[in-house]
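Peer 1:
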Amino acid sequence: MQRLYRKRIVLGVGGGIAAYKSAELVRRLRDQGAEVRVVMTSGGREFITPLTLQALSGHPVHLDLLDPAAEAAMGHIELARWADLVVIAPATADLMARLAQGVANDLLTTLVLATNAPVALAPAMNQAMWADPATQANRALLQQRGIRMFGPASGSQACGDVGMGRMLEADDLAQAAADCFERSLLTGKHLLITAGPTQENIDPVRYITNHSSGKMGFALAEAAAEAGARVTLVAGPVFLPTPDRVHRIDVVSARDMLTACEAAMPCDLFIAAAAVADYRPEVVAPHKLKKDPGSDDGLLLQMVRNPDILATLAGRADRPFSVGFAAETENLLEYATRKLRDKNLDLIVANDVANPSIGFNSEENAVTVIDRQQHETRFSQASKGHIARQLIAFIADRYHQA
Ligand code: C5P
Numbered sequence: 000m001q002r003l004y005r006k007r008i009v010l011g012v013g014g015g016i017a018a019y020k021s022a023e024l025v026r027r028l029r030d031q032g033a034e035v036r037v038v039m040t041s042g043g044r045e046f047i048t049p050l051t052l053q054a055l056s057g058h059p060v061h062l063d064l065l066d067p068a069a070e071a072a073m074g075h076i077e078l079a080r081w082a083d084l085v086v087i088a089p090a091t092a093d094l095m096a097r098l099a100q101g102v103a104n105d106l107l108t109t110l111v112l113a114t115n116a117p118v119a120l121a122p123a124m125n126q127a128m129w130a131d132p133a134t135q136a137n138r139a140l141l142q143q144r145g146i147r148m149f150g151p152a153s154g155s156q157a158c159g160d161v162g163m164g165r166m167l168e169a170d171d172l173a174q175a176a177a178d179c180f181e182r183s184l185l186t187g188k189h190l191l192i193t194a195g196p197t198q199e200n201i202d203p204v205r206y207i208t209n210h211s212s213g214k215m216g217f218a219l220a221e222a223a224a225e226a227g228a229r230v231t232l233v234a235g236p237v238f239l240p241t242p243d244r245v246h247r248i249d250v251v252s253a254r255d256m257l258t259a260c261e262a263a264m265p266c267d268l269f270i271a272a273a274a275v276a277d278y279r280p281e282v283v284a285p286h287k288l289k290k291d292p293g294s295d296d297g298l299l300l301q302m303v304r305n306p307d308i309l310a311t312l313a314g315r316a317d318r319p320f321s322v323g324f325a326a327e328t329e330n331l332l333e334y335a336t337r338k339l340r341d342k343n344l345d346l347i348v349a350n351d352v353a354n355p356s357i358g359f360n361s362e363e364n365a366v367t368v369i370d371r372q373q374h375e376t377r378f379s380q381a382s383k384g385h386i387a388r389q390l391i392a393f394i395a396d397r398y399h400q401a
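All residue numbers for the sequence shown refer to numbering that gives the first Met the number 0, where the first residue is 0 and numbers rise by one.
#1: So Pro196 packs on Thr208, CB below 8 Å; how close in whole Å?
#2: Nearest CA to the CA of Asn125: which residue from Thr134, Pro117 and Ala119?
#3: For Thr412, does the three-state DSSP call read helix, strand or coil?
#4: Alpha carbon to alpha carbon, how far is Ala33 from Arg229?
#5: Who are Ser155's beta bridge partners in DSSP?
#6: Beta-carbon within less than 6 Å of Arg279's beta-carbon, same chain only, minus the 5 sequence neighbours each way: which residues are those?
#7: Between Pro9 and Ser21, is the Cβ-Cβ spacing less than 7 Å?
#8: With a threshold of 16 other CB atoms inside 10 Å of the CB of Ala253, please say whether the residue is buried or exposed.
#9: Pull the bridge partners of Phe324 from the DSSP assignment, please.
#10: Counting Cβ pairs closer than 8 Å, one from the stretch 35-46 and one from the stretch 61-80, do we hit at least three?
#11: Distance, Cα to Cα, Leu344 vs Glu168?
#12: For a quick check, are the C-beta atoms of Ile391 and Ala223 less than 7 Å apart?
#13: Are Leu239 and Phe217 closer than 7 Å when you measure CB to CB?
#14: For the alpha helix (DSSP H) containing Gln100, name the first residue and the last one.
#15: Going by alpha carbons, who is nearest to Gly213 out of Thr241, Val204 and Leu332?
#16: Answer yes or no: the CB of Ile308 versus the heavy atoms of the ligand C5P, is any distance below 6 Å?
#17: Just to confirm the assignment, what range does the beta strand (DSSP E) spanning Asp249 have?
#18: Give the range of the alpha helix (DSSP H) segment to which Ser56 is assigned.
#19: Following the continuous beta strand (DSSP E) through Pro280, name the residue where it begins and the one where it ends.
#20: Run through DSSP, which three-state label would Ile308 get?
#21: Quick one: give me the first and last residue of the beta strand (DSSP E) that Thr193 is part of.
#22: If you draw a straight line from the C-alpha of Arg26 to the C-alpha of Ala72, how long is it?
#23: Take Leu140 and list the residues in its own chain whose beta-carbon comes closer than 8 Å to its own, dropping the five residues that flank it on each side.
#24: Any heavy atom of the ligand C5P within a distance shorter than 6 Å of the CB on Val275?
#25: Can you tell me which of Arg205, Lys6 and Leu257 puts its alpha carbon nearest to the alpha carbon of Asp277?
#26: Can you name, in chain order, every residue of its own chain whose Cβ lies under 6 Å from the Cβ of Arg371, other than the five neighbours on each side?
#27: Report all residues from its chain with a CB closer than 6 Å to the CB of Gln143; omit the five preceding and five following residues, and keep chain order.
#28: So which of Glu327, Arg318, Asn364 and Asn330 has the shortest CA-CA distance to Lys342?
#29: Mind checking whether the beta-carbon of Ala218 lies closer than 6 Å to any heavy atom of the ligand C5P?
#30: The beta strand (DSSP E) spanning Phe269 covers which residue range?
#31: Once DSSP output is grouped into helix, strand and coil, what is the label at Ile386?
#32: Check whether the Cβ atoms of Asp202 and Lys287 sit closer than 7 Å, and answer yes or no.
#33: Whole-angstrom Cβ separation of Met95 and Pro132, contact assumed at under 8 Å?
#34: Please check the pair Phe320 and Tyr206, which I expect to be a contact at CB under 8 Å, by giving their CB distance rounded to whole angstroms.
#35: Let's see if you can read the secondary structure: which residues bound the alpha helix (DSSP H) around Pro132?
#36: Suppose you measure from the CA of Ala313 to the CA of Glu375; what does that come to, to the nearest Å?
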C-alpha cells in the first residue's frame with residue numbers, strides 16, 4: 000500500500016554529510032506514492048548535486064530565492080502552498096538555529112515561514128553539536144511551535160565519533176513522513192464516478208438532455224480525493240471546474256459514458272451520480288430537421304433504450320462496490336429500493352427532486368441511503384459539499400465492511 004499516495008512533499012536538503020542519504024529518501028518517498036520537490040540550501044549543494052536530486056525527483060531542484068526564472072516557474076510562495084508536508088533532511092545545527100530565530104535568508108527558511116503545511120526536521124550533526132545547549136534549546140523551541148523531529152539516531156558518525164546525531168535512514172524517514180498523515184478512508188482505492196447529464200443528439204443542432212448540474216457528483220469526486228482515493232470522474236456536459244487531484248474524462252452521450260467507464264475499469268468503488276438519458280433517438284439525422292411547410296402535423300421521434308451503465312458495471316465479474324442514485328419525484332424509497340435490487344447495488348442514495356430546495360441544480364441536498372438489508376440512513380439538508388463528505392465517509396465504511 001502506498002502510504003503517501005498523491006501527497007506533495009517538499010524535501011529540504013541542508014549542508015551536511017548525511018545529504019547523500021537524501022537521494023535515497025527521494026526514492027523511498029516516491030515509492031510510497033508521493034510527489035517530491037527538492038529545495039537545497041547552498042550548503043546542501045556542496046555535498047550532493049542538484050542534478051542527482053532532479054533526476055530522482057523528476058523535477059528541477061529549487062535553489063535560490065532570488066532567481067527570476069525559478070520564481071516565474073513555481074515561486075517560493077506557490078511552493079509553500081503546494082506542499083502537504085515539508086521534510087528537511089538533513090537539518091543541520093545552523094538550519095535549526097535559523098529556523099528557531101525565524102530567519103528567512105534563503106529559499107528553504109523562507110518557505111518554512113510561508114507554509115501552512117506541517118514541517119518535520121531530520122537532524123544530522125556531530126554528537127557534541129547535537130548535545131550543545133544551544134542546539135537543544137532550538138530543538139525545544141521548534142517542537143513547541145509544532146515542528147516535528149524525525150530522530151536523530153545514535154551510532155557511529157562520519158567524523159569518527161559515536162553518539163546521538165546520526166540522521167535516520169531513508170526508509171525510516173519515509174515511514175515517519177507517512178505517519179504525519181492520518182490514514183485516509185480510501186487511501187490507494189480507485190473510485191470511478193459518473194456525474195452530470197448526458198446529451199443525446201437528434202440532429203447536428205438539437206439534443207435531448209435533463210436538468211442535472213453535476214454539482215453532487217463533482218462534490219463527491221472532490222470528497223473522495225480528499226479521502227485518499229484515486230478518482231476517475233466521467234462527466235457529461237457541465238460547466239464545473241475539475242476538483243483537485245481528480246482525473247476527469249468528458250463525455251457527451253450515454254454510450255460515450257459507458258465506453259469511458261469500461262475503459263477506466265477496474266475500480267474498487269463505482270458511484271453513478273450521473274443523470275443518464277434512458278432513451279436516445281434511434282437515428283441521428285445527418286442534417287438539421289426541417290419543418291414541413293405544407294403540414295401542421297407534429298414530429299414523431301422514434302427512441303431506443305440506452306445501455307444502463309450502473310447495471311452493466313455492477314453486473315461484471317469484477318464488479319466494484321456499486322452505489323447508485325435514485326432521483327425521484329414520488330414514491331422515493333419504494334422506487335429506490337427496487338432499483339437497488341434490480342441493478343444489483345450495494346447502496347442507493349435516494350433524493351427527492353420534486354422538492355425545489357434540494358436535488359437538481361440546487362446548492363443543497365438531503366438524501367436517504369438504503370442498503371441491501373433495506374436499512375435507511377438519513378442525511379439532513381446541507382450543502383452538497385457537506386453531504387458529499389458525509390456520504391463518502393459512509394460509503395467508505397460500508398465498503399470496508401463488505
Ligand atoms: O433507473 P434510473 O435511471 O432511475 O437509475 C438511476 C441510477 O442509475 C443512477 O445512479 C444513474 O446514474 C444510473 N444510471 C446509469 N445508466 C443509465 C441510467 C441510469 O448508470 N442508463
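Every residue, glycine too, gets a C-beta built ideally from N, C-alpha and C. Note that the structure is a prediction, hence the values are computed from the model and not measured.
Peer 2: A quick look at the data gives this:
#1: 5 Å
#2: Thr134
#3: Beyond the ends of the chain as shown, which are 0 and 401, falls residue 412; an answer cannot be given.
#4: 13 Å
#5: Val161
#6: Glu199 and Asn305
#7: In the sequence under discussion, the amino acid at residue 9 is Val, which differs from the Pro named in the question. No.
#8: buried
#9: Val348
#10: yes
#11: 47 Å
#12: yes
#13: yes
#14: Ala92 to Gln100
#15: Thr241
#16: yes
#17: Val245 to Asp249
#18: Pro49 to Ser56
#19: Tyr278 to Pro280
#20: helix
#21: His189 to Ala194
#22: 24 Å
#23: Ala99
#24: yes
#25: Leu257
#26: none
#27: none
#28: Arg318
#29: no
#30: Leu268 to Ala271
#31: helix
#32: yes
#33: Contact flag wrong, Cβ pair sits at about 13 Å.
#34: Not quite, the Cβ-Cβ distance comes to about 33 Å (not below 8 Å), so this is no contact.
#35: Pro132 to Gln143
#36: 21 Å
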